[in-house]
Structures are given as structure tokens and as C-alpha cells.
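Chemist: Each residue of the sequence shown is one higher than the one before, counting from 14 in my numbering.
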Amino acid sequence: MKEDEVNRCQIQNWYPRFKSLTIKTKFHKLPESFINYLIDDSGPFLLPHSVTNEDAMPNRVHNFEEEDDFQVPEEASDDEPLNRPSFPELEIEIRESIETLGGTIIPKLNWSSPKDAAWISPSQNLSCTCFNEIALLFRSSDSLTHDLFNAYDSCSDKVSSRPESFYLALRKWYPSLKPEMEFRCFVKSNELVGICQREVTTFYPVLLNEKDLLKGLIEEFFDDKIRFEFESENYTFDVYVTKERRVKLIDFNTWCGSTLPLMYTWEELEKIHGECDELELRIVESRLSVLPGLKTAVPYDYLDVSAGSGWAQVLKIVEEEFQKDDQSSDEVA
Numbered sequence: 014m015k016e017d018e019v020n021r022c023q024i025q026n027w028y029p030r031f032k033s034l035t036i037k038t039k040f041h042k043l044p045e046s047f048i049n050y051l052i053d054d055s056g057p058f059l060l061p062h063s064v065t066n067e068d069a070m071p072n073r074v075h076n077f078e079e080e081d082d083f084q085v086p087e088e089a090s091d092d093e094p095l096n097r098p099s100f101p102e103l104e105i106e107i108r109e110s111i112e113t114l115g116g117t118i119i120p121k122l123n124w125s126s127p128k129d130a131a132w133i134s135p136s137q138n139l140s141c142t143c144f145n146e147i148a149l150l151f152r153s154s155d156s157l158t159h160d161l162f163n164a165y166d167s168c169s170d171k172v173s174s175r176p177e178s179f180y181l182a183l184r185k186w187y188p189s190l191k192p193e194m195e196f197r198c199f200v201k202s203n204e205l206v207g208i209c210q211r212e213v214t215t216f217y218p219v220l221l222n223e224k225d226l227l228k229g230l231i232e233e234f235f236d237d238k239i240r241f242e243f244e245s246e247n248y249t250f251d252v253y254v255t256k257e258r259r260v261k262l263i264d265f266n267t268w269c270g271s272t273l274p275l276m277y278t279w280e281e282l283e284k285i286h287g288e289c290d291e292l293e294l295r296i297v298e299s300r301l302s303v304l305p306g307l308k309t310a311v312p313y314d315y316l317d318v319s320a321g322s323g324w325a326q327v328l329k330i331v332e333e334e335f336q337k338d339d340q341s342s343d344e345v346a
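Okay, structure coming up:
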């Protein structure tokens, strides 16, 4: 992999060419002071001071400092008050962009979204309505470490330790989007060699009857819109299929490197290309086929997917219960 291939996958680089095919997005070049805030772990976890008085946490969360039994007498401590960082110009610019995009957005850095931090969000997903909610996700995410420190680690011609500039991409939020309709596509030597379900931690029965239709739609989209427009020969891209059967571009990622092959392996994809096999769309075919280890909405340390783990036992029990329900339905019929 070359640095140029990595750079082409930065959203601020590919978006202008594919703007009509993807989700509406606003960009903000981030000041180095904000990048330093993201990577600074020398002190306590502090959210920026908001000049617009917008809180990252929901109203239902108590402010314990206001509770009577939490008050600390002034004479009990000589500590100086915590100096919260503040980015007033950036916050105001972001607020204006969020309003332009309908009031709710999904934040993304040059390459990555803070998917592993969704668990800490008040919404339990990546939707944000203010600057401090974005800061909360970014400061809590391990995934963004790739963008900040490791983006070029897999490059054979590596000379850069980080991109020249970091950008915040604010993508319009669509609450009606269904995770089962997002797919990852693998391109080798400008040939589409594999497609698979993007959300592989869940079994979606609706996909079983629509595999051929979805494969045809995505393959046509690649041939008409992507193949001769994206400059790399080897890469991956993610798409979403709408209820109107239109294909929308979500993102580009590198071939190998930090990109997850999901329901494939990279060795397998290389072999598929070499053998010129028929294009396959892979989906989770049953509840026992889910891949919980690829869940990215919680910290990776929260997941135990080893043989005999709790996940394996839970999945086994769930499948047995579904089989019992199916048998009972058959007997009633």
C-alpha cells in the first residue's frame, strides 16, 4: 500500500468528486489546539467549556455537584479550579453547520468515525446535536487513534507520521437508516471481488430473500459510478441501499491495512481475485453466524469471544429458544 492510496480515502479528498452520490457533509479544518486536546491524556477527562451553553449530557443525568451531600467546604481543599479548554470559534462554526444539516449529524475525522464510543453517547449512537457531544465521542474513542497516529503504518513508502491537516466531517443524520442495508465492497485491480453485510453482529432475515437483488444493484452502481472514477486500483467502499432501491455511497477505505474484511479474510479475497470466481454477496445466514467480536459500538475490551465464552453460550441458548418457538408454531399450525 502507498501513501497516496491512503490519502485518497480521506473523506475531504473523495467527497467533492462523489458529492452527488453520498450523504450531505460539511467540513471544518481542525486547529492544532483541538488536536492536542484530543491526544492529551496527562490530566483529567474534561469536556470543553461551551460558549453556547450546550451540554453533552442529557437532562436526566444529575449534576452531582449540585447535590447537598456532594458539596465540599471551601476550607477542605486548596486545589485550583479545573481549567476547561475552550474553542469558541470552532464551536460556533460547527453549530452553524449542524443547523444547516437539520440539527443532528454524525461526526467523522479524516478516515474514521468514533464508533467504539457510541456506548457513552446520550443517544447510544453516533448522532450529535452540539459541539460538546462531538468532543465527548472523540475523546472517548480508541478508533480515532488510527487517524491521529497510525494512518500510514501499513504504507511501504511511509514518510508521514500523520496527515498535514485534520478535518471534522459533519454528516447529515438520518434516523430511519437500517443497519442491515449497509454493505462493504472489495475492489482488487479495479474488479469488484466481494460484497458483504457491514453490520455482522446481527442476523437480519430480510436479507435472505434479497441477496441476488442487492448484489445486482451494488454491482451496477460500482460499474456505473465508482470503477472509473476512484483513482486507486485496490480499495474498499461502503454503500447503503435505500427502500427505493437506490445505492448511496457511504465511505472509501484502503485495501488491507486497518480496514476490516468482515465476513472475508484478506487472503481469501486475494485468492478470489486470482481465480476470477463469481461475485458473491455474503450475509449472516443465521443467528449462530453472527460475529460479535466485530461489534464496534462498545470498547473492544468489553467483548469476550473466545471458545466457550459467554457470547457463545448466549448465542447457543437463544438459538435453542428460537427452535422451540418454531416447533411450537408448527404444532399449532
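Cβ atoms here follow ideal geometry from the backbone N, Cα and C, with glycine treated the same way.
(1) Check G207 in the structure and name its three-state DSSP category.
(2) Among T215, D225, E244, which one has its Cα closest to the Cα of V297?
(3) With distances taken between CB atoms, is the gap from R30 to E291 smaller than 8 Å?
(4) Between V64 and S110, how many whole angstroms is the CB-CB distance? I'm expecting something under 8 Å.
(5) Output needed for Y28: all residues of its chain with C-beta closer than 8 Å, excluding positions within five of it in sequence on either side, in chain order.
(6) Mind checking which residues open and close the beta strand (DSSP E) that includes Y50?
(7) So, is N72 buried or exposed, given that buried needs 16 or more other C-beta atoms within 10 angstroms?
(8) Can you give the Cα-Cα distance for R259 and L95, rounded to whole angstroms?
(9) Using a threshold of 8 Å, state whether the C-beta atoms of V303 and T249 are closer than that.
(10) Looking only at DSSP bridge pairs, what is T38 linked to?
(11) What is the DSSP secondary structure of K224, counted as helix, strand or coil?
(12) Does any residue of chain B bring its CB to less than 8 Å from the CB of V206?
(13) Taking 8 Å as the threshold, find out whether the region 146-161 comes into contact with the region 121-132 through three or more Cβ pairs.
(14) Locate the alpha helix (DSSP H) running through N145, then write down its first and last residues.
(15) Please tell me whether I231 and C198 are closer than 8 Å, where the distance is taken between their beta carbons.
(16) By the 10 Å Cβ neighbour count, where 16 or more other Cβ atoms means buried, how is I105 classified, buried or exposed?
Modeler: Once the coordinates are examined:
(1) strand
(2) T215
(3) no
(4) Wrong, their Cβ atoms sit about 16 Å apart, outside the cutoff.
(5) T35, T38, F40, A182
(6) No beta strand (DSSP E) holds Y50; the alpha helix (DSSP H) holding it covers 45-52.
(7) Here N72 scores only 43 on pLDDT, less than 50, and its place in the model should not be relied on; the value that follows carries that caveat. Exposed.
(8) 51 Å
(9) no
(10) R184
(11) helix
(12) Of the chains in the structure shown, none is chain B; there is only one protein chain.
(13) yes
(14) 144-153
(15) yes
(16) exposed
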